[in-house]
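Each residue of the sequence shown is one higher than the one before, starting from 1137 at the first, in our numbering.
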Amino acid sequence: MTGTRIATLDSTLRDGAQGAGVAFSVEDKLAIVRALDSFGVDYIEAGNPASNPKDAAFFERAHSLALSRAKLCAFGSTRKKDTAVEEDRGVRALAAAGTSVVALFGKAWDMQVERVLETTAGENLRMIAETVAYFKSLSKEVIFDAEHFFDGFRANPEYALSCLRAAEQAGADVVCLCDTNGGTFPEDIARITRAVAERFPQVTVGIHTHNDSGLAVANSLAAVEA
């Protein structure tokens, strides 16, 4: 790990906002951003501008924030199936948010592609690549969140890796491995993360864990060590 720098991304304002009984006002979100910046967080995933008017209003106000360290990150999906990327409502909202960083989530589990997106494996790869490339053409820093990556890797490792490859080849700065169901154990997180890091040495690898099994911290540390 000598010489390796670990960057932190805080998702209080996105994942945290989905918790039961949580309802941040725009003022709350602005105050939390200032606090996270003062803590030294590198990236603040501040919400999905396409999801609700409050998040859209937050991003309009956020331009006035003078942050000392943190970069604001808008979060949203790859384009919808069979839709031109420039015409996708969510993509347009992400671009309008005006952040220097965008986090794009896309499916990395072939079962989810077929049953949830109801599209083909090839179209999903195009959705990933075209959306990443679009935001790179806008000079954005792009984080690709590979949703359900660990479940997808167990089911079909080559397809899960092909989703990362589509993002990398389109110019993604980070490929982030998501344990979306929170059911992966630390030894598997380490083994799979190591395999990804070896396969993709030219791109930054990230980890996003969930705590359904009480293992989010252990899994994060295992990934960093790997």
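Glycine included, C-beta positions come from ideal geometry on N, C-alpha and C.
Taking the C-beta atoms as reference points, Ala1210 is found no nearer than 8 Å to Asp1173. Looking at the DSSP output, Tyr1270 shares a beta bridge with no other residue.
Excluding sequence positions up to five before and after Trp1245, its CB lies within less than 6 Å of the CB of His1284, Asp1287 and Gly1288, all in the same chain and listed in chain order. In the DSSP assignment, Gly1212 falls within the beta strand (DSSP E) that extends over Lys1207 to Ser1213.
For the pair Cys1314 and Leu1300, the Cα-to-Cα distance works out to about 12 Å. Counting only residues of its own chain and dropping the five nearest sequence neighbours on each side, Arg1330 has a CB closer than 6 Å to the CB of Ala1362. Just so you know, the alpha carbons of Phe1195 and Ala1202 end up roughly 14 Å apart. Between the region 1296-1311 and the region 1267-1274, the count of C-beta pairs closer than 8 Å reaches three or more; the two stretches touch.
Using a Cβ distance threshold of 8 Å, Gly1212 and Leu1240 count as a contacting pair. The DSSP-derived three-state label of Thr1329 is helix. Contact between Arg1215 and Thr1255 fails: their C-beta atoms lie close to 11 Å from each other, not under 8 Å. Distances from the alpha-carbon of Asp1324 to those of Gly1342, Asn1355 and Thr1340 put Asn1355 closest.
With a cutoff of 8 Å on beta-carbon distance, Asp1348 and Gly1318 are scored as near each other.
Here Cys1299 is not bridged, per DSSP, to any residue.
Residue nearest to Leu1261 within the set Glu1163, Leu1208, Gln1305 and Ala1233 is Gln1305 (criterion: CA-CA distance). If you check the CB distance, Ile1279 and Gly1234 do not come in under 8 Å.
DSSP links Lys1276 through a beta bridge to no other residue. If you draw a straight line from the Cα of Ile1328 to the Cα of Gly1152, it comes to about 26 Å.
Spatial neighbours of Asp1218 in its own chain (CB-CB distance under 8 Å, excluding positions within 5 residues in sequence) are listed in chain order as Thr1255 and Glu1259. Membership of Ile1343 in the beta strand (DSSP E) is indicated by the continuous run Thr1340 to Thr1345. In the three-state reduction of the DSSP assignment, Val1311 falls in the strand class, which pools E and B. Counting along the chain, Lys1165 sits inside the alpha helix (DSSP H) bounded by residues Val1162 to Phe1175.
Ala1302 and Ser1147 have their alpha carbons spaced roughly 25 Å apart. Per DSSP, Gly1288 has no beta-bridge partner at all.
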